[in-house]
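For the sequence shown, the positions run 1 to 540 when the UniProt record's numbering is used. Here the structure comes first, spelled out in structure tokens, and everything after it is commentary.
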Amino acid sequence: MDGKSFSPIPLAKHCLTVHLTGFNCTVVVQRTGHACASTETAAATTRRSIPGHSRHATPLSLHAAATPTLPLPSPAGKRGRGTHHEVATSIFPANDARITPPPPLTYGDSDTMAMAAASASAMARRAASWPRLLLLSRAFAAAAAEPKRVLVPVADGTEPVEAAATADVLNRAGARVTVATADPAGDDRGLLVEAAFGVKLVADGRVADLEGEAFDLIALPGGMPGSANLRDCKVLEKMVKKQAEQGGLYAAICATPAVTLAHWGLLKGLKATCYPSFMEKFTAEIIPVNSRVVVDRNAVTSQGPATAIEYALALVEQLYGKEKSEEVAGPLYVRPQPGVDYVIDEFNSVEWKCSGTPQVLVPVANGSEEMEALNLIDILRRAGANVTVASVEDKLQVVTRRHKFNLIADIMVEEAAKREFDLIVMPGGLPGAQKLSSTKVLVDLLKKQAESNKPYGAICASPAYVLEPHGLLKGKKATSFPPMAHLLTDQSACDSRVVVDGNLITSKAPGSATEFALAIVEKLFGREKAVSIAKELIFM
């Protein structure tokens, strides 16, 4: 792709138009089986390197039957492969001798032969483009394929962080995720699910209505009594047993491997893990393994809320392969060493004082990042804080960033503005952060909090899009989602995962959301309480 036009090239047999974002290029795969492309000036894209992570290439969007994303080539066109928690810098090898052009076409007359010769000559002059074009043709085929279907059943008492992480991460991979309630129909709640720690969700549908449908994966979140409620759903039991018998992928986390899968006899002869205190419920036919994630044949099991992202990435790898799992992991900024202690980079240390039970406000909007919001709500309520979730929209129900979880807030932000809080802390998600930033009631509340020297904080996009524009980071060190860090006036602490500066706390991304919440617990309740919660979550 040298900025000029090139001749028709055999690629595929279907008509498909693809827009290459960042390259200003449109490729049309015609019915004749040829592709024609014309490129304008390639838009040079650079990203700031973050220590411990590879550079993340700009996504290349394929607008077709499905919309997978692939990284664009690096300037040198080299293939890069990182660790499980890094993204390959490029999928396009340059001048790779192992990739050869397609065989020549055969035509029936001299005029056509002459045209073919001219075309062959043009192809030869662009030999370096072949590897890219062949890989693009594979991407076209993937774009035309149906997305993987994933069922995440939930019930009253389900662990919300585990459900959200599973749906969020698989959604990022391109799966079509359905969150369905296993609770019996017949009451007036509709699809409302009262998950653990007072979290209220609205499911996409009911398990009972999905019995005849096929899924590539059925993944069960944990929590109690959520795991028992899933176990008692006869339709779900029938579906998961059928999935296992047909060699389909099935998975469970936390209490569910022991309470649900083992009860259904679906772990016999397999290695499996679960929440440590439930390991004794494994029958003699199950081989217990004390690992954060265990994959044995078509069963995947994991231990708890703090292993949920690792578990979800393992599911992505099983469905799509290691390269896709690494691609999805990159923008999450997951911990490089799971299971170790969290680290707070603190400046200008002050004691966060509360008169009694800490009162915490978590504002949410359409487009808020679900993993970040639910980690804050779940972990702070575990610790004993009184957490109030306030909607800045025109109703209590908000739709989150990735899976489009329907989260029900406790009150409207106008009601929250009449109250006093010991801490106001915001999740990220770019659309959500932009809405929070434009909500005057919330901004006034934040400014009052800061002027009163009371704690406030934000994660991911919100430090850059809410706190910085309104002067709430003035004279403070902070961190944010790395691609947005350039928006901060003081970028000296942007490589840190969690930063505390006096009464301000900020963090980086969904992959640091648990650390962020634990750091807040430490500031409000003390180190001993935070470590206890971290162990309860299987964070360390």
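Note that CB positions come from ideal geometry on N, CA and C, so glycine has one too.
Using DSSP's beta-bridge definition, name the partner residues of proline 363.
Reading the sequence shown from its first residue, position 363 is the one you call residue 363. In DSSP, proline 363 forms a bridge with Ala390.
How do the region 219-234 and the region 282-297 stand: do at least 3 beta-carbon pairs fall below 8 Å, yes or no?
no
Would DSSP call isoleucine 377 helix, strand or coil?
Here residue 377 refers to the residue found at position 377 when the sequence shown is read from its first residue. Of the three classes helix, strand and coil, the one that applies to isoleucine 377 here is helix, per DSSP.
Should glycine 457 and valine 425 be called a contact, given that it needs their Cβ atoms to be closer than 9 Å?
As a first step, residue 457 is located in the sequence shown; it is residue number 457 there, counting from the start. As a first step, residue 425 is located in the sequence shown; it is residue number 425 there, counting from the start. Yes, the pair counts as a contact, with Cβ atoms nearer than the cut-off.
In whole angstroms, what is the alpha-carbon distance linking tyrosine 275 and lysine 200?
Reading the sequence shown from its first residue, position 275 is the one you call residue 275. Reading the sequence shown from its first residue, position 200 is the one you call residue 200. Spanning the two alpha carbons is a distance of roughly 23 Å.
Measuring alpha carbon to alpha carbon, tell me which residue in Asp444, Pro147, Asp209 and Ala485 is nearest lysine 238.
Residue 238 sits at position 238 when you count from the first residue of the sequence shown. Checked all of Asp444, Pro147, Asp209 and Ala485; the closest Cα to lysine 238 is Asp209.
Considering only DSSP beta bridges, list what lysine 200 is partnered with.
To locate residue 200, count along the sequence shown from 1; it is residue 200. BP columns for lysine 200 point to Glu194.
Would you decide whether methionine 484 is buried or exposed? Buried here means 16 or more other CB atoms lie within 10 Å of its CB.
Here residue 484 refers to the residue found at position 484 when the sequence shown is read from its first residue. Counting Cβ neighbours within 10 Å, methionine 484 comes out buried, since at least 16 surround it.
With a threshold of 16 other CB atoms inside 10 Å of the CB of glutamine 337, please say whether the residue is buried or exposed.
Here residue 337 refers to the residue found at position 337 of the sequence shown. An exposed status is given to glutamine 337, since fewer than 16 other beta-carbon atoms sit within 10 Å of its beta-carbon.
How big is the Cα-Cα spacing for proline 455 and arginine 149?
Against the sequence shown, residue 455 aligns to sequence position 455. Against the sequence shown, residue 149 aligns to sequence position 149. Their Cα atoms are separated by approximately 42 Å.
How is serine 291 classed by DSSP in three states: helix, strand or coil?
Mapped onto the sequence shown, residue 291 falls at position 291. The answer is coil: DSSP assigns serine 291 none of H, G, I, E or B.
Roughly how many angstroms separate the alpha carbons of glutamate 194 and methionine 224, rounded to a whole number?
In the sequence shown, counting from the first residue as 1, residue 194 sits at position 194. In the sequence shown, counting from the first residue as 1, residue 224 sits at position 224. Their backbone Cα atoms lie some 12 Å apart in a straight line.
DSSP state of leucine 436, grouped into three classes?
Start at 1 with the first residue of the sequence shown, and residue 436 comes out as number 436. Of the three classes helix, strand and coil, the one that applies to leucine 436 here is helix, per DSSP.
Please classify valine 413: does DSSP put it in a helix, a strand, or coil?
The residue given as residue 413 occupies position 413 in the sequence shown. Valine 413 falls in the helix class under three-state DSSP.
Using the three-state DSSP reduction, which class does leucine 230 fall into: helix, strand or coil?
Along the sequence shown, one-based indexing puts residue 230 at 230. Under the three-state reduction of DSSP output, leucine 230 falls in the helix class.
Per DSSP, what kind of secondary structure is leucine 488 in: helix, strand or coil?
Locating residue 488 in the sequence shown gives position 488, where the first residue counts as 1. Looking at leucine 488 - three-state DSSP - the assignment turns out to be coil, as it is neither helix nor strand.
Please classify aspartate 501 as buried or exposed, where buried requires at least 16 neighbouring CB atoms within 10 angstroms.
Position 501 of the sequence shown, counting from 1, holds the residue named residue 501. Label assigned to aspartate 501: buried.
If you follow the beta strand (DSSP E) that alanine 513 is in, where does it begin and where does it stop?
Working through the sequence shown from its first residue, we reach residue 513 at position 513. Element bounds for alanine 513: not the beta strand (DSSP E) but the alpha helix (DSSP H), 513-525.
Could you check which residue in Asn348, Gly432, Glu317 and Asp341 has the C-alpha nearest to that of proline 363?
Stepping through the sequence shown from its first residue, residue 363 is reached at position 363. Nearest neighbour of proline 363 by Cα position, chosen from Asn348, Gly432, Glu317 and Asp341, turns out to be Gly432.
Consult DSSP for aspartate 495 and reduce its assignment to one of helix, strand or coil.
Translated into positions along the sequence shown, residue 495 becomes position 495. Aspartate 495 falls in the coil class under three-state DSSP.
Can you give me the Cβ contacts of serine 462 inside the same chain, cut-off strictly under 6 Å, excluding the 5 residues immediately before and after it?
Within the sequence shown, numbered from 1, the residue matching residue 462 stands at position 462. These residues qualify, in order along the chain: Met426, Gly428 and Ala433.
Report the CB separation of valine 392 from isoleucine 377 in whole angstroms; it is logged as a contact under 8 Å.
Taking the sequence shown and counting its residues from 1, one reaches residue 392 at position 392. Taking the sequence shown and counting its residues from 1, one reaches residue 377 at position 377. Going by Cβ atoms, the distance from valine 392 to isoleucine 377 rounds to 16 Å, so no, they are not a contact pair.
Is it right to say methionine 540 is buried, meaning 16 or more other beta carbons lie within 10 angstroms of its own, or is it exposed?
The residue you call residue 540 lines up with position 540 of the sequence shown. It is exposed - the Cβ of methionine 540 has fewer than 16 other Cβ atoms within 10 Å.
Consult DSSP for residue 560 and reduce its assignment to one of helix, strand or coil.
Outside the shown range of the chain (1 to 540) lies residue 560, about which nothing can therefore be said.
Pull up the distance between the alpha-carbon of leucine 236 and that of threonine 260, whole angstroms please.
Mapped onto the sequence shown, residue 236 falls at position 236. Mapped onto the sequence shown, residue 260 falls at position 260. Going from the Cα of leucine 236 to the Cα of threonine 260 covers about 10 Å.
What is the rounded straight-line gap between the Cα of lysine 474 and the Cα of aspartate 490?
Residue 474 sits at position 474 when you count from the first residue of the sequence shown. Residue 490 sits at position 490 when you count from the first residue of the sequence shown. In a straight line, the C-alpha of lysine 474 is about 9 Å away from that of aspartate 490.
Between Leu487, Tyr465 and Arg189, which has its C-alpha nearest valine 202's C-alpha?
For the purposes of this step, residue 202 is taken as the residue at position 202 of the sequence shown. Ranking the options by Cα distance to valine 202, first place goes to Arg189.
When the distance is taken between beta carbons, is phenylalanine 516 closer than 9 Å to glutamate 414?
Looking up residue 414 in the sequence shown gives position 414. Looking up residue 516 in the sequence shown gives position 516. Cβ distance not < 9 Å, so glutamate 414 and phenylalanine 516 don't count as in contact.
Is the region 350-365 touching the region 522-538 in the sense that three or more CB pairs, one from each, lie closer than 8 Å?
yes
Name, in chain order, the residues that DSSP records as bridge partners for isoleucine 533.
Along the sequence shown, read from residue 1 onward, the residue named residue 533 stands at position 533. DSSP lists no partner for isoleucine 533.
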